[in-house]
Amino acid sequence: MTKTAKTKELDKDTQKKLLQLNDFIAGSKVLKDKQSLLMGVLHQTQTLFGYIPATAMDFISHKLGVPSAHIYGMATFYNYFQLTPKARYQIYLCKGTACYVAGGARVLDKLKEELRIGVDEVTADGLFGINITRCLGCCGLSPVMQVNDDIYVRLVPEKVPAILAKYRRLGQPKKKAKATAVAVGGFEQPGK
Ligand code: FES
Numbered sequence: 004m005t006k007t008a009k010t011k012e013l014d015k016d017t018q019k020k021l022l023q024l025n026d027f028i029a030g031s032k033v034l035k036d037k038q039s040l041l042m043g044v045l046h047q048t049q050t051l052f053g054y055i056p057a058t059a060m061d062f063i064s065h066k067l068g069v070p071s072a073h074i075y076g077m078a079t080f081y082n083y084f085q086l087t088p089k090a091r092y093q094i095y096l097c098k099g100t101a102c103y104v105a106g107g108a109r110v111l112d113k114l115k116e117e118l119r120i121g122v123d124e125v126t127a128d129g130l131f132g133i134n135i136t137r138c139l140g141c142c143g144l145s146p147v148m149q150v151n152d153d154i155y156v157r158l159v160p161e162k163v164p165a166i167l168a169k170y171r172r173l174g175q176p177k178k179k180a181k182a183t184a185v186a187v188g189g190f191e192q193p194g195k
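Per the numbering used here, the sequence shown starts with residue 4, numbered consecutively.
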């Protein structure tokens with residue numbers, strides 16, 4: 004890839020990944036079907052960056068001659084693709100019918116208020132990300148939320164600050180998150 008003025012402005016890590024992406028695109032251009040080509044390129048982008056940054060979308064658009072809007076549409080259509088970097092603790096709040104009826108929306112409001120981010124966003128320190136998911140399979144214990152591998156059930160907004168505080172403690176240097184915990188009616192320390 005010829006280095007353009009634009010790529011020079013990017014940090015070294017991003018430049019390196021874009022060069023790798025460029026090689027991948029060059030090797031994939033034998034694919035005649037543009038949809039398949041784009042799908043493969045998006046997969047590779049997520050493998051390289053961990054998500055699909057806007058810079059990469061612009062780069063792909065330029066390289067494949069596909070409008071950025073089309074690439075964005077494809078990346079948002081498939082749940083697999085992420086448009087934001089992954090947080091250390093990914094929160095998945097269930098928005099299935101049972102959880103919604105049981106007050107899931109109030110729990111979501113509390114999460115947003117506490118973390119000062121919206122859905123599909125990550126806190127500035129990279130610690131938390133809020134995501135919405137479909138039924139987690141424990142509707143009888145709704146509202147339900149998953150944080151990485153830990154499941155929290157029968158949630159009420161008042162429990163949210165303590166749950167977040169626990170992960171903030173775990174996220175501090177020299178403290179490691181342990182194994183999965185399943186909590187009923189509240190939460191338990193992982194591994195206890
Ligand atoms: S609807 Fe939330 S767990 Fe099923």
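Note that CB positions come from ideal geometry on N, CA and C, so glycine has one too.
Buried/exposed call for residue i, threshold 16 Cβ in 10 Å
{"i": "D128", "result": "exposed"}
{"i": "K20", "result": "buried"}
{"i": "G76", "result": "exposed"}
{"i": "K15", "result": "exposed"}
{"i": "A78", "result": "buried"}
{"i": "L22", "result": "exposed"}
{"i": "D153", "result": "buried"}
{"i": "I135", "result": "exposed"}
{"i": "A59", "result": "buried"}
Same chain, Cβ closer than 7 Å to residue i, five either side skipped, listed in chain order
{"i": "D61", "result": "S71"}
{"i": "K113", "result": "P160 and V163"}
Chain-order list of residues whose beta-carbon lies under 6 Å from that of residue i (same chain, five-residue window excluded)
{"i": "C204", "result": "No information on residue 204 is available, as it lies outside the stretch 4 to 195 that the chain covers here."}
{"i": "Q47", "result": "F27"}
{"i": "G255", "result": "Coverage of the chain is limited to positions 4 through 195, which leaves residue 255 absent and any answer about it impossible."}
Close-in-space but distant-in-sequence residues of the same chain around residue i (CB under 8 Å, 5 per side omitted)
{"i": "G121", "result": "K115 and I133"}
{"i": "T126", "result": "A90, L118, R119, I120 and G132"}
{"i": "I63", "result": "L24, I28, L41, V44, L45, T48, V69 and I74"}
Margin query: Does the contact criterion of 3 or more C-beta pairs under 8 Å hold for the region 22-38 versus the region 79-95?
Written below: no
Margin query: Any contact between the region 95-111 and the region 147-164? By contact I mean 3 or more CB pairs, one from each, below 8 Å.
Written below: yes
Next item on the list: Just list the beta strand (DSSP E) runs in the region 108-145, keeping only unbroken ones of 3 residues or longer that don't cross its boundaries, in chain order.
Entry: 131-136
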